[in-house]
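In the numbering used here, the protein residues as written are 26 to 395.
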């Protein structure tokens, strides 16, 4: 007759041990502490058990090995009972682990630098009541937050943390956020949701503070997308050689299409001057950059840049335009490399003038032009 549990013994067991146990009775009372310890070590697996085994002396290890040899088969329910017994004994032991709010703060303070510790806990311990009220307000604000942006933030968290956060939200809001999560993250998140995992209130306070810092306060302080950094990108693209610029723009159009509109508004090249330089600004550019700079620029445009020269000269006085045409004739023909260098220097001067507030340049949206 086969049984779920078999134990090797040199002598026959007393008849009492083969009697049917009453319902609800423990099925592992017949195991010794050494046998239970051996089972726990075996269940941990090699990687997790190794640090424990390395701390055992030879005598204790021989007891564990001998105990393990006497065990043949244990079913899932018996393994669960052994694990529970083991944890119960650990709690009752004099060296048991004491958790709680104070212990949590002590452990976290040892693991994190002071800046991040203060970010996570922020308020002192004695402010628990106000912290609870603030946490409640956090969940209300999170429910009002854009679900897609919330999902993007959730993508940076682990599935168990996402599940904890979702439990604090209204079902309709939580379902909308879940619909934006990546497929590979969806399964583990739902898996944690179906488990009966109820964290301590302190955990919810910490998570609420984290959401405030990393999502709500971070984005609500500046609700509109900040595109100021894209101005620098546009200026860089304006100054690199044309072939490289075309290649980079092709990449941006494919990988960052949503940002290209903002980049193009602040990006300017020599060819785009008629589009980005208003007519009333042209005389200001001639005056501010000076005769030498503008003469060199016009000379660099003799090969293939006549339309740009005509635009620039057509928006200053006729007398001054004629004067520049005469001066350009006295300048020797430029090589392509020198012409490009002159034009790049002009664009850099134009950017400086713009930053100083001397002129306003840039492409105008169709909506603004109407």
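Backbone N, C-alpha and C define an ideal beta-carbon position, used for all residues, glycine too. Predicted, not measured: the structure shown is a model, and the values here were computed from it.
Contact between residue 266 and residue 217 is ruled out by a C-beta separation of about 53 angstroms, above the 8 angstroms threshold. Taken atom to atom, the span from the alpha-carbon of residue 296 to that of residue 330 is near 8 angstroms. Apart from sequence neighbours up to five positions away, the residues of its chain that approach residue 74 with a beta-carbon distance below 7 angstroms are 66, ordered along the chain. Under the DSSP assignment, residue 230 falls in the alpha helix (DSSP H) whose first and last residues are 226-236. For residue 325, the secondary structure class from DSSP, reduced to helix, strand or coil, is helix. Scanning 100, 234, 338, 186 for the CA closest to the CA of residue 166 turns up 234. Taking C-beta atoms as the reference points, residue 325 and residue 368 count as a pair closer than 8 angstroms. Looking only at 311, 302, 359, the smallest Cα-Cα distance to residue 327 is reached by 359. Straight through space, the alpha carbons of residue 62 and residue 107 are spaced by roughly 9 angstroms. Rounded to the nearest whole angstrom, the CA to CA distance from residue 383 to residue 214 is 55 angstroms. Within a 10 Å sphere around the beta-carbon of residue 84 sit fewer than 16 other beta-carbons, which makes this residue exposed. Within the model, the alpha-carbon separation for residue 162 versus residue 286 is close to 37 angstroms.
In the DSSP assignment, residue 354 falls within the unbroken alpha helix (DSSP H) covering 343-354. The three-state reading of DSSP puts residue 269 in helix, counting H, G and I together. Here DSSP, grouped into helix, strand and coil, assigns residue 220 to coil. In the pairwise beta carbon analysis, the stretch 201-211 is classified as not touching the stretch 254-261: fewer than three pairs are separated by under 8 angstroms.
A check of alpha carbon separations from residue 377 across 280, 283, 264, 223 identifies 264 as the nearest. Our two residues, residue 93 and residue 64, have alpha carbons roughly 7 angstroms apart in a direct line. In the three-state scheme derived from DSSP, where H, G and I count as helix and E and B as strand, residue 174 is classed as helix. In the assembly as shown, residue 175 is a buried residue. Its beta-carbon has 16 or more other beta-carbons within 10 Å. The Cβ atoms of residue 302 and residue 371 do not sit closer than 8 angstroms to each other. Between the alpha carbons of residue 317 and residue 354 lies a gap of roughly 14 angstroms. Residues 285 of the same chain have their beta carbon placed closer than 6 angstroms to that of residue 278, with the five preceding and five following residues left out of the count.
Taking 8 angstroms as the cut-off, the beta carbon of residue 304 is found no closer than this to the beta carbon of residue 387. If you look at residue 303, you'll find it isn't in any alpha helix (DSSP H); DSSP assigns it neither H nor E. Around the C-beta of residue 78, fewer than 16 other C-beta atoms lie within 10 Å, and the residue is accordingly described as exposed. Across the set 81, 69, 255, 225, the C-alpha of 255 shows the shortest separation from the C-alpha of residue 292. In this structure, the straight-line span from the alpha carbon of residue 72 to that of residue 271 is close to 53 angstroms.
The three-state reading of DSSP puts residue 357 in coil, since its state is none of H, G, I, E or B. For residue 298, the closest alpha carbon among the candidates 59, 375, 363 is that of 375. Scanning its chain for C-beta atoms nearer than 7 angstroms, with the 5 sequence neighbours on each side dropped, one finds around residue 111 the residues 61, 65, in chain order. Taken atom to atom, the span from the alpha-carbon of residue 186 to that of residue 366 is near 55 angstroms.
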